[in-house]
Amino acid sequence: MAAIKEKIIIKNTTRKGRKKSSYLPPDYKTLQEVIDGIERDYILHTLELTNWNLQKTSRVLDIARNTLKAKMKKYNIDLQ
Numbered sequence: 038m039a040a041i042k043e044k045i046i047i048k049n050t051t052r053k054g055r056k057k058s059s060y061l062p063p064d065y066k067t068l069q070e071v072i073d074g075i076e077r078d079y080i081l082h083t084l085e086l087t088n089w090n091l092q093k094t095s096r097v098l099d100i101a102r103n104t105l106k107a108k109m110k111k112y113n114i115d116l117q
């Protein structure tokens with residue numbers, strides 16, 4: 038039975054491991070896109086809680102201030 042399931046999975050995926058578009062919802066995102074969205078939202082939430090204080094935000098997130106700035110740049114988050 039496991040061999041049958043494995044064949045089905047292989048037939049329903051492309052070489053890169055993504056499912057064929059006919060099996061996916063229209064808003065399909067990769068895992069990395071989902072993770073990036075969660076990280077961006079959490080950074081924004083923390084910035085709001087700390088009144089956009091980068092030092093406090095980086096402390097709460099337990100990351101270096103420069104790392105926070107790099108992530109803000111990556112996610113197009115501007116200081117308010």
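Counting in my numbering, the sequence shown runs from 38 upward without gaps. Even glycine gets a Cβ: it sits at the ideal position worked out from N, Cα and C. Quick caveat: nothing in here was measured; it's all calculated off a predicted structure.
Taking the continuous alpha helix (DSSP H) assigned at residue i, which residues delimit it?
| i | result |
| --- | --- |
| K110 | R102 to K111 |
| Q69 | L68 to L86 |
| Q92 | L91 to L98 |
Residues in its own chain within less than 6 Å of residue i by CB, not counting five upstream and five downstream?
| i | result |
| --- | --- |
| V97 | T83 |
Would you mind stating whether residue i and residue j have Cβ atoms separated by less than 8 Å?
| i | j | result |
| --- | --- | --- |
| L86 | L105 | no |
| I72 | K108 | no |
| L68 | W89 | no |
Please work out which residues of its chain come closer than 7 Å, Cβ to Cβ, to residue i, disregarding the five sequence neighbours upstream and downstream, and give them in chain order.
| i | result |
| --- | --- |
| T94 | T83, L84, T87 and L105 |
Legend entry - Any 3 or more C-beta pairs closer than 8 Å across the segment 103-116 and the segment 72-88: Cβ pair count under 8 Å is three or more, so yes.
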